[in-house]
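Start counting at 1 in the sequence shown, then tack on 170, and there's your number in the working numbering.
Think of the CB as a built atom: it goes at the ideal place given N, C-alpha and C, for glycine as much as any other residue.
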Amino acid sequence: LMNKELQRIRHGYYDLWFGTNAVYERWAKSHGLNNNLLLTLYLLKEFPNDCTQHLICEKLMLPKQTVNSILSGLEDKGFVEKIISPTDKRVKLLVFTSQGAAYADGLLQKMDDFEERALRNMTGAQRNALLEGGFAWMKALRDAIDD
């Protein structure tokens, strides 16, 4: 591929990335939160038995300070508590309280519905291409960084 074509693809990818983040930020804001808090709730639900601050930092690529601030807010609201890991006493696991689980479940179900509506507006081929292309791009980036 020519340099101009590669540049067009890269610029398009950034438009896609920034635009997608902006849509999620807008959705989160319409529900009284921001992307980082929304994605933290998602991770707490996805990793119910082994969610740690370290895992959230790693998955969201956020500094420890930012994640600590989000978690402190969730603890202050009574949504999350820290428990000592039964397998490693040095590790604090993050778990929803019943109130926090109810809040997150309601919110994340709304997000699921929103995403499902969006996916239904795409053809099957477009949905498959989204994943195939995205995973191919991720692999290509990982290979390129190791070169």
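Check	Outcome
ILE254 classed as buried or exposed, judged by whether at least 16 other C-beta atoms fall within 10 angstroms	exposed
Start and end residues, alpha helix (DSSP H) containing LYS215	205 to 216
Three-state secondary structure assigned by DSSP to VAL261	coil
Between the CA atoms of LEU230 and VAL265 - distance to the nearest angstrom	18 Å
DSSP beta-bridge partners of PHE266	VAL250
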